[in-house]
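Going by this note's numbering, the letters in the sequence shown line up with residues -11 to 78, in that order.
Virtual Cβ for every residue (Gly too), placed ideally from N, Cα, C.
This structure is a prediction, so every number in the text was calculated from the model and none was measured.
Below: one structure, written as structure tokens.
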Amino acid sequence: MVGLKTQNDLEIALRQNKWLGEILERFEEVALPDSWLVAGCIAQTIWNLVHGQPAEFGLKDVDLIYFDELDLSFEAEYRCHLTSVRLKRE
């Protein structure tokens, strides 16, 4: 069973998921302002580990959210999208 008592315990558990591990490793490259890895990818990874499944089992996507109060334009959103696509292809 996964024992999560600290933020470090959570990060260690999430890094067992190869996709999340890569995202966490490259998070600074994404360079989104006020950004967070969120939602089902975290819960599903922990659920999988607790129940003896591969960490990636059943994951279909990963959610990164961010907020840039200095630029709320469509163009800024599109630039962030292009950055994420570029990093995914590398």
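Worksheet item: So what's D(-3) in DSSP terms, helix, strand or just coil?
Response: Working through the sequence shown from its first residue, we reach residue -3 at position 9. Looking at D(-3) - three-state DSSP - the assignment turns out to be helix.
Worksheet item: Since I53 sits in a beta bridge, which residues does DSSP pair it with?
Response: As a position in the sequence shown, residue 53 is number 65, starting the count at 1. In DSSP, I53 forms a bridge with W24.
Worksheet entry | Cβ pair I53, W24 closer than 8 Å | Counting from 1 along the sequence shown, the entry for residue 53 is found at position 65. Counting from 1 along the sequence shown, the entry for residue 24 is found at position 36. Their beta carbons are under 8 Å apart, which means I53 touches W24 by this criterion.
Worksheet item: Going by C-alpha distance, which of E63, D51, E17, D59 is nearest Q32?
Response: On the sequence shown, position 44 is the one that residue 32 refers to. When only C-alpha atoms are compared, the closest one is D51.
Worksheet entry | Beta-carbon proximity list for L(-2), same chain, < 7 Å, skipping 5 on both sides | Taking the sequence shown and counting its residues from 1, one reaches residue -2 at position 10. Excluding sequence neighbours, L(-2) sits near L(-8).
Practice prompt. Determine the contact status of N(-4) and A43, defining contact as a CB-CB distance below 8 Å.
Written response: Indexing the sequence shown from 1 puts residue -4 at position 8. Indexing the sequence shown from 1 puts residue 43 at position 55. No, the Cβ-Cβ distance between N(-4) and A43 is not below 8 Å.
Fill in: Where E65 falls: helix, strand or coil (DSSP)
The count along the sequence shown starts at 1 and reaches residue 65 at position 77. Three-state result, E65: helix.
Discussion item. Taking 8 Å as the threshold (C-beta atoms), are L75 and E16 in contact?
Written reply: If you number the sequence shown from 1, residue 16 lands on position 28. If you number the sequence shown from 1, residue 75 lands on position 87. No, the Cβ-Cβ distance between E16 and L75 is not below 8 Å.
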